[in-house]
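J.: Residue numbers (the numbering used here), protein chains in the order written: chain L, 1 to 396; chain Y, 1001 to 1689; chain Z, 2001 to 2303; chain S, 3001 to 3147; chain R, 4001 to 4210.
Quick reminder that beta carbons are idealized off the backbone N, C-alpha and C, glycines included.
Before anything else, here's the structure in question.
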Amino acid sequence: MRNNRKSYVITGICLAIVLVLGYLLVTNIGSPVGRPLTTLSPRGDKSQAIQNLIIPVFAIAGVVFILVEIGLVFVVTRFRRRSDEVDGKDEPVQLHGNTKLELGWTIAPALLLAVLAVFNVNTILQMDDATDPLEVTVIGQQWWWEYRYDLDNDGAPDIITATEAAIPVGRDVRFKIQSNDVIHSFWIPALSGKMDAVPGRTHQVILQANEVGMFQGQCTEYCGLSHGLMRMQVKALTPEDYQIWLTAMTTSPAQPEPKNELAVQGQTLFVAQCSYCHQVNGVTPTSKSPYPYSTVPDPDYGKTVAITMASGNAPNLTHLMMRQHFVGGLLDLYQEGGSVAQAIPEGTPDTNNIKRWLRNPEDVKPMNPNNNQGMPNYNLSEAQIEQLTAYLLTLK
Amino acid sequence: MAIIEDQRPLELTTGHDPVAPEAPSPLGVFARPKANTGWRSWVNTVDHKKIGIMYGVASFFFLLVGGFEALLIRLQLSVPGNQLLSADLYNQVFTMHGVTMVFMVIMPMASAFANYLIPLQIGARDVSFPRMNALSLWIWLAGAIFFNSSWLLGGGADGGWFNYAPNAGVTFSPGTGIDFYAIGLLIMGIGSTVSAVNLTVTVLNMRAPGMTLMKMPVFTWMNFVVQVLLVFALPVITVALLLLTLDRMFGAAFFDASKGGDPFLWEHLFWIFGHPEVYIMVLPAFGMVSEIIPVFSRKPIFGYPFMVGSGIAIGFMGWGVWAHHMFASGMGQLSVLAFSLSTLFIAVPTGVKILNWMATMYGGRIKFSVPMLFSIGLVGMFTIGGLSGVTHAFAPADTQQTDTYYIVAHFHYVLFGGALLGMMGGLYFWWPKMFGHFLGERTGKWHFWLMLVGFNLTFGPMHILGLQGMMRRTYTYTSVQGFSMWNMVSTIGAFIIALSLLTFMGNVVFSYRKHRKNPVNPGADPWDARSLEWMIPSPTPEYNFAEIPVVEEFDEFWHRKYGHDENGRLVRIAKTEDVVESSDPVTVHLPSPSYWPLVLALGMPLVGYGLIFNLWWAVPGVILIVAGIYGWVMEPSTDPDAGHGHDDHHGEPDEPEATELAAPETVEAELVSASAGSTGVTAEEGDSK
Amino acid sequence: MITRGSKYFYGAAAVGLLMAFAYGMITGANNNGGLSEVLSSGGLVNSIVGPLTFGYKGWVGDQIGYSILLSFAGVMAVIGGFLTAFRDGDAESLIQIQGPGTNSDNADLRVVTPQGLSYWPIVGAFSFGLVLVGVAMSGLLVGIGCLGLVVVVVEWTVRAWSERATDDPETNRALRKKLMHPIEIPVAATVGAVAIVFLMSRILLAVSKTGAAIVIILVAVIVFGVAIFLSSRPHLKRSVLVGALLLGAVLLLAGGIAGGISGPRESEHHSGTEEGISSLTSGPSGHASSNESTSLDRLTVEY
Amino acid sequence: MSAAVTELDDDSPVNPGEHHTHGPTDGQYFKIFFLLVGLTALEVSTYWWDDIFNADTKKIAVPVLLTLMVIKFFLVALYFMHLKFDSPLLKRTFYVGMIVAIFVYVVALSVMNFWGDSGTTHFNDPPIDPPAPFCATSSKPGPCPAG
Amino acid sequence: MSDLAYESLEDVEFPDDIHTTSTGISNEKLGMWVYLASDCLLFGGMISTYLIYKNRPGEIAGLSGNTHKVSEYFDIPFTSMTSFILLMSSLTMVLAVNSVIRGDLTRLRLWLTSTAVLGGLFLGGQIYEFTNFVVNDGLGFTSNVASSSFFALTGLHGVHVVVGVIMLLSMLAISFGTRIRAEAVEVVGLYWHFVDIVWVLIFTIVYLIP
Ligand code: HEA
Ligand code: HEA
Ligand code: CUA
Ligand SMILES: [Cu+2]
């Protein structure tokens, strides 16, 4: 009796739009190109496991979405009040409910979710599995990450580095996550999910990279001023390259050659000025008590380590130039950029970036050194900056 | 009950009463307030309707404030590397935005409706404790102003709205912003607790004859659930905030890991409160939609018991899912597992609601009035938010999504697309009842469509951004991260929302002007609606019901107008004009206005400033609070001198202080005479508690 | 409306304030090298800011004089405020009191003279005495005395006002109650509670550890027992009740003062008490008494 | 007490119940009080149980104490606070609060590993598992194959 | 309607719950119960905090103060006495309620006074205990998290008792001046007993279970 064509047409159009948009989205948003942090392009087996859960979940959510929204459009257009309708005539049937129907749509979603829950449980249990993991300790602090490798399992770290961690492809890695001040969160989206770094606790994230690559990461728990710029990288190397990296990192860099005068002066300056916080193994004094940089020391942070390898709570710069990024990945150390993982970085150092940092660190990254949070601006002269840069370049 | 029946005619409502000229009181400013008009009548009112309107106005103001902050956020993020806001300022802005929107917009706006409508919907003349009602308004407002005054006094809070420790401790946040957060929320929490107790008791105790619980309108039901949730959720955050205050101001170390404190304690306490809180925000809107959809579909709500039951179920289940905000916190696999599962199933009762609304519309005759548009919008938009909620109920998936814009998208879809859209619909729906004129229908449609489009443009792209890895609470991003395009879209969307809100404000102004020029009363029942509030004239008279209705059915008012024929089709049985109340009240006696709630509330922020800056400032605050409490307790809730002369208390023996102990007979006499004068008057003196 | 009577007080307040500022400024300048020096060296800002911020920033020379003048101004302003609020000296209210036909000039002041007994002068005199004695003996007494004086001033003022507020003494009393009870009752209640708590804790601190447990339960049982005894009598005499209360209060007061004077027991050498012995013989038994002496050293006593 | 008060939904206010009955007499209160005192004395005595009996008795002290605590709690709530005699609505109100509190906080304590608290001064137990036992001679996790 | 009020004294004490509220329970009483239910969550939170921290006096770097648990300093015999006192005060409170229901103002005042005094004694005991911790044992509020949470919990309870005592004394004062309603006494009594109940929990969970 009523003309419902219009309703079907509108509903159909809406459905078509939704489907087309959905298709475009699904095919587009997952692409990692130009989106270093995307969560939809797993490169490791843990992130793949998550992906395997996400896809059916999204699919079902998408189906429910379409059913509800298209249903809504249909109901609303189909039962709209038409211009020729008057109150009191042909009024709607007064339906108060239908218990069976309602029970139905109580139970059906519950069942659906129960099925999904099985996969969910399965994946959760999977996340902590690891075989013969390489263990790396990660320490979050305002606003950078430190990594420690204890190669011989003697409890004392053998490699201390910042910002960029190296792992071998194909091996499980257990990141043991700690924090030195406030809560941070360690996240390499291509490899695994997040894990918070909570002061006083040790958490773990297990991951495995399936291919060589420089994977971007980002601190994701709000941690104060520069939270947004607290980035990090994990570079996955072939096992052979990884060995090369290990060897390089465990041998001390050569002292600057005497004829490289700038660098020698830079070293002196560094020991005088910078060793208050930074450590270069074998060069800076090791016996200083930790700079009261943060007040939330991890149980073993600061006690054992400070004496042997770290002066204060600032990145250990011993092998600075072994890295492709610094300042939490905000700046590149080499002009060729840092997107390709190399065991020993090659290329021309980007001295401009280093100088920019030394000139005014707070210009690169907002920090609060007055409250012991971050690196102060020492108002170095250009000459001093040249010297320091020359010295830093020797740290490879 | 608050209002007794008295044999004298009502003298209160007209405002200017020629019979009783204001007799100058020797007490001057300390005298009991009498004003019925002008700003004073708002300051001293205990009328739930005026209080509701003040809640509404204040929360709308804060919507503009919070929205302004949101616009700043969006401007800053519109292009990569933007320098508009510094990192520090940005952190303050998003924190204040979140807190403002949650505690100063959505919650009080829900309170506005709850205050205004609950007594009307259950057929009462006021809430159970009218003065306490005023108190909760003033305390909340004092707290809100106190909290926002931090902008002028050293900077806003910058710890995020959930303010995780230890970043919120003095070591890492030495400024005063977080003190304002802690104390501001404590103050507002006191206000909300008072109001929650009040409204809980109101719903239980003040219902009209025959109005059993299962005959209450869904809106009242949902608000009842919300009040109960508040009663239980607020103390939890109170504990958390107390501990935080002790940490920050008194040298304790509850959340300071270096001294043995545990940051997890804060997380748990916050989210034990926080998750019920999100349902506290959305259920009132659900209630409104459940009123609007049946009216404009001309069908009863589908599955009333299921609607009520699912609301209760949501309320209960909400207590068992809080740790889904902590899937990435490292609390341990077993906990993650348990909370992941419990969270999944909270989709079930919510789904029941969505589907029941659709079933209500199904087979109806839908009139696309503005309130209905907003309601349909809610059904559509909330579903999106709910479904994204379900996707992060899967814990492993959530470890990829948490703290990204995907979450931001989720909660704006549920908060804006759920709570705010619903309340916008509510405003259009109840506006004629509150103010006696319609909001412009055509402008309203503009408002709706602009809002819907702007909203989706703003928050839709955030799903994509989040999945592409953009983390929340970042004050900037770099162009290589590939977030630029969608952020721009989102910013444009935000300004479309702003435009829609301007449209709304224009609508308010112009429809009022039009009404002033050419007053047309919409009548008691402009929408042909269903619940009791539509039985009484618009705008609602001060006494609400001239005669308390006796309720026989759910949707009582509707059933007085309509029945159905043998096919179950709707037929009219009575003319609306014959069913609605005519306004000639005979026997109404209203609670008298009072200043004390305001006095008491004013003391609170003073104590707050005292704690933050200098304890001496707290002294006047404490004095105000104590004077407020005792002034209140000693003041009869109904002014014996009001309007009808000295009746009640004159029988009372005016005992000179502490004279001899009364002999038993005297005692009896005392009690009798006291109650004689006070059967009604003492009635809401529990108020004095 | 600002009533006639209050105008004088406002005037006095303004004068006092000005005097205080001037006094603070001048003495401040004097302390910092003399007026001319200040004017020439740019210290002017300090000497202006000083009195304006009540000495928070900048200079105020003679603090005491400055404070006295300021307090004078404050008191005058408050009294003025009271008078405005109560419309004292307001022609209209006087007329209202005395009925039509009078105007403010021929109002018969005897009509509005206060009647009835008042204890406040006595309390006032007593407080004043306390202050005097206190000046010689201890700051605490001065404090109590001052507090007493403030109370007297407030109570007396309100009472005096209320007695002529209207021509109906009944109403006047009611007015007074309405105004003062919200202040009196909480203050009295708090003072009562604090007194009990404070005195009791002094007594407990003075006796030995076991003694404390015994004392507190004894006191409680006595209170409890007396209450039961009294209530079990068919007719309660008011005098008995008051007597019991008074006796209790006096005992508590005496005990508290005695306890307070004898000072807290010293945990180590409390010869003769069981506690001292048991801690020697049975050792820590859950209480880290071995630590007590060391931790005691580190501590600044907070009581 | 009338049915109207008992059944929330029947309490049509048109016809509410009569006045509710009052609580116990003074004498009954005294009895309950002495009961409470006795229970408390029993509770306190656990403090010396290891002295009086032997050290093992301390172990059962905790459950005993908790039981006594619950009994005392309900004695006060039901009698002194009239819950037993008042409208069941009040009972429900209070019990809902109590149950929510117990549920929420017990779960929170469990999640924070309270029950397994090792008593260390550091956090209860970092939820990291001990390194999986690994055998150098086998490529699979787990202890070395026998032999 | 109002003649009902004269019918008997029985009805007079609850002048407002006759035929007026939907549930037959007066607003004040219901309100107080709702508030008490809410308070369960408050004390639950504080007790949980204490439980979490009680064994963590925190011997890690950066800690100031005492490294002992609070529980090492408890004086159980003394605290038991204060617990008894609170029980007594609960008894006197119900007696007060019964008195006012009977219309016996004299005994009402007697019992109110004794309840307040007993409450005061309890507080005196608590001050004594705190002073002992601080002065003799060197364990202050900021010594370690265990002590902070202990003081916060018992302090919050103490504040509740203080409020209760002040309410009782005010009630006493009001009973002289104006009329007093049995309902009001009963409601204050509910509060008082709740504070007692909480102490029952604290005494067992905090003091007796080490
Ligand atoms: C009004 C507020 C509101 C509401 C109603 C919800 C509803 C839900 N929320 Fe949301 N949530 C927030 C406000 C809200 N949330 C906020 C503010 C945050 C962020 C806090 C912060 O970090 O700042 C948050 C964060 C948040 C998280 C944490 C994310 C993170 O930080 O990692 C999670 C995780 O599980 C979650 C889940 C859910 C679920 C499962 C629901 C469910 O209730 C949704 C149920 C609804 C539906 C599912 C749709 C309709 C159902 C059907 C049509 C039936 C069929 C459906 C299925 C079979 C699936 N929410
Ligand atoms: C409760 C409801 C609520 C509402 C309604 C909104 C509304 C909006 N929100 Fe908000 N938001 C939150 C709750 C809410 N938000 C919460 C809880 C957080 C988390 C905070 C945290 O992480 O701690 C958050 C965080 C948040 C973020 C993430 C910040 C970050 O993580 O870095 C963003 C980013 O775009 C955002 C944007 C917006 C926008 C554009 C709106 C728009 O819809 C706003 C629309 C309103 C207007 C546009 C106002 C119109 C004003 C005028 C027309 C006049 C102008 C006014 C003056 C000149 C005074 N919000
Ligand atoms: Cu570190 Cu965010
Ligand atoms: Cu949640």
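Give every residue of the same chain whose Cβ lies closer than 7 Å to the Cβ of Y/Pro1217, excluding the five residues on either side of it in the sequence, and list them in chain order.
T.: Reading the second sequence from its first residue, position 217 is the one you call residue 1217 of chain Y. Contacts found: Gln1121, Glu1291, Ser1531.
J.: Anything in the region 1245-1261 of chain Y with a Cβ closer than 9 Å to a Cβ of chain R? List those residues in chain order, please.
T.: Flagged, chain order: Leu1246, Asp1247, Phe1250, Gly1251, Ala1252, Ala1253, Phe1254, Asp1256, Ala1257, Ser1258, Lys1259, Gly1260, Gly1261.
J.: Leaving out the 5 sequence neighbours to the left and right, which residues in its chain are closer than 6 Å to S/Ile3052 when beta-carbon positions are compared?
T.: If you number the fourth sequence from 1, residue 3052 of chain S lands on position 52. Excluding sequence neighbours, S/Ile3052 sits near nothing in its chain.
J.: Where does the unbroken beta strand (DSSP E) through L/Phe175 begin, and where does it stop?
T.: Taking the first residue of the first sequence as position 1, residue 175 of chain L is located at position 175. Here the beta strand (DSSP E) through L/Phe175 covers 173-179.
J.: With DSSP collapsed to three states, give me the class of L/Ile235.
T.: The residue labelled residue 235 of chain L in the question sits at position 235 within the first sequence. For the sequence presented, residue 235 of chain L should be read as Lys rather than Ile. Of the three classes helix, strand and coil, the one that applies to L/Lys235 here is strand, per DSSP.
J.: Got a sec, what are the start and stop residues for the alpha helix (DSSP H) R/Arg4102 sits in?
T.: Taking the fifth sequence and counting its residues from 1, one reaches residue 4102 of chain R at position 102. Element bounds for R/Arg4102: 4076-4102.
J.: In terms of residues, what are the limits of the beta strand (DSSP E) holding L/Asp196?
T.: In the first sequence, the residue the question calls residue 196 of chain L occupies position 196. Element bounds for L/Asp196: 195-197.
J.: DSSP three-state label for Y/Phe1459, please.
T.: Residue numbering aside, residue 1459 of chain Y sits at position 459 when the second sequence is read from its first letter. If DSSP states are grouped into helix, strand and coil, Y/Phe1459 belongs with the helices.
J.: Would you call L/Phe154 buried or exposed, if buried means 16 or more other Cβ atoms sit within 10 Å of its Cβ?
T.: Walking along the first sequence from the start, residue 154 of chain L turns up at place 154. Note that residue 154 of chain L is Asp in the sequence shown here, rather than Phe. Under this definition L/Asp154 is an exposed residue.
J.: Quick one: residues in its chain with C-beta nearer than 7 Å to the C-beta of Z/Val2215, no 5 flanking neighbours on either side, listed in chain order?
T.: Your numbering for residue 2215 of chain Z matches position 215 in the third sequence. Cβ within range, chain order: Ile2203, Leu2204, Val2207.
J.: Just to confirm, are L/Leu393 and L/Pro349 a CB contact at a threshold of 8 Å?
T.: Start at 1 with the first residue of the first sequence, and residue 393 of chain L comes out as number 393. Start at 1 with the first residue of the first sequence, and residue 349 of chain L comes out as number 349. Yes. Within cutoff.
J.: Which chain Y residues sit within Cβ distance under 7 Å of L/Trp105?
T.: In the first sequence, the residue the question calls residue 105 of chain L occupies position 105. In chain order: Gly1351, Val1352, Leu1355.
J.: Where do the N-terminal and C-terminal ends of the beta strand (DSSP E) with L/Ala166 fall, by residue?
T.: For the purposes of this step, residue 166 of chain L is taken as the residue at position 166 of the first sequence. Run containing L/Ala166: 164-168, per the beta strand (DSSP E) assignment.
J.: With respect to the alpha helix (DSSP H) encompassing R/Glu4129, which residues constitute its N-terminal and C-terminal limits?
T.: As a working note, residue 4129 of chain R is residue 129 in the fifth sequence. Unbroken alpha helix (DSSP H) run through R/Glu4129: 4105-4131.
J.: Please confirm whether L/Phe79 and Y/Gly1364 have their CB atoms less than 8 Å apart.
T.: To locate residue 79 of chain L, count along the first sequence from 1; it is residue 79. To locate residue 1364 of chain Y, count along the second sequence from 1; it is residue 364. Yes, the pair counts as a contact, with Cβ atoms nearer than the cut-off.
J.: Output the boundary residues of the beta strand (DSSP E) element that contains L/Tyr147.
T.: As a first step, residue 147 of chain L must be located in the first sequence, where it is residue number 147. Where L/Tyr147 is concerned, the enclosing beta strand (DSSP E) stretches over 144-149.
J.: With 8 Å as the threshold, decide whether the Cβ of Y/Met1358 is near any Cβ in chain L.
T.: Reading the second sequence from its first residue, position 358 is the one you call residue 1358 of chain Y. Closer than 8 Å: yes.
J.: When the Cβ atoms of the region 1464-1481 of chain Y are set against those of the region 204-224 of chain L, are three or more pairs found closer than 8 Å?
T.: They touch, by the three-pair rule.
J.: How many Å lie between Y/Ala1112 and Y/Met1434 at the Cα?
T.: If you number the second sequence from 1, residue 1112 of chain Y lands on position 112. If you number the second sequence from 1, residue 1434 of chain Y lands on position 434. Rounded to the nearest angstrom, the two C-alpha atoms are 11 Å apart.
J.: Distance, Cα to Cα, Z/Ile2185 vs Y/Tyr1630?
T.: Locating residue 2185 of chain Z in the third sequence gives position 185, counting from the first residue. Locating residue 1630 of chain Y in the second sequence gives position 630, counting from the first residue. Approximately 8 Å, taken between the alpha carbons.
J.: Can you tell me whether Z/Phe2009 is buried or exposed? The criterion is at least 16 other CB atoms within 10 Å of its CB, across all chains shown.
T.: In the third sequence, counting from the first residue as 1, residue 2009 of chain Z sits at position 9. That one is buried.
J.: DSSP on L/Phe215, reduced to helix/strand/coil?
T.: Position 215 of the first sequence, counted from the start, is the residue given in the question as residue 215 of chain L. Strand.
J.: Round the Cβ separation of Y/Ser1538 and Y/Pro1432 to the nearest angstrom and send it over; I've been treating them as touching at under 8 Å.
T.: For the purposes of this step, residue 1538 of chain Y is taken as the residue at position 538 of the second sequence. For the purposes of this step, residue 1432 of chain Y is taken as the residue at position 432 of the second sequence. Right, the Cβ-Cβ distance comes to about 5 Å (below 8 Å), so this counts as a contact.
J.: Are there any heavy atoms of ligand 3 lying less than 7 Å away from the beta-carbon of L/Met232, as far as the coordinates show?
T.: Here residue 232 of chain L refers to the residue found at position 232 when the first sequence is read from its first residue. For ligand 3, not one heavy atom lies less than 7 Å from the Cβ of L/Met232.
J.: How is L/Phe186 classed by DSSP in three states: helix, strand or coil?
T.: Residue numbering aside, residue 186 of chain L sits at position 186 when the first sequence is read from its first letter. In the structure shown, L/Phe186 sits in a strand (DSSP, three-state: E or B).
J.: Please report the distance separating the alpha-carbon of L/Ile17 from that of L/Gly71.
T.: Position 17 of the first sequence holds residue 17 of chain L. Position 71 of the first sequence holds residue 71 of chain L. Straight-line Cα distance between these residues: approximately 14 Å.
J.: Under 8 Å, do L/Trp144 and L/Ala162 count as touching if we go by C-beta distance?
T.: Start at 1 with the first residue of the first sequence, and residue 144 of chain L comes out as number 144. Start at 1 with the first residue of the first sequence, and residue 162 of chain L comes out as number 162. Cβ distance < 8 Å, so L/Trp144 and L/Ala162 count as in contact.
J.: My output table needs one value for Y/Leu1213: the three-state DSSP class, helix, strand or coil.
T.: Position 213 of the second sequence, counted from the start, is the residue given in the question as residue 1213 of chain Y. Y/Leu1213: helix per DSSP, three-state reduction.
J.: I want to see whether chain Z comes within less than 8 Å of R/His4193, judged by CB atoms only; does it?
T.: As a working mapping, residue 4193 of chain R is identified with position 193 in the fifth sequence. Cβ-Cβ to chain Z under 8 Å: no for R/His4193.
J.: In angstroms with no decimal places, state the Cα-to-Cα distance between R/Phe4130 and Y/Phe1411.
T.: Translated into positions along the fifth sequence, residue 4130 of chain R becomes position 130. Translated into positions along the second sequence, residue 1411 of chain Y becomes position 411. Taking the straight line from one Cα to the other gives about 46 Å.
J.: Between the Cα of S/Pro3024 and those of R/Ala4096, R/Ala4037, R/Thr4067, R/Ser4048, spot the shortest distance and give me the residue it belongs to.
T.: The residue given as residue 3024 of chain S occupies position 24 in the fourth sequence. Ranking the options by Cα distance to S/Pro3024, first place goes to R/Ala4096.
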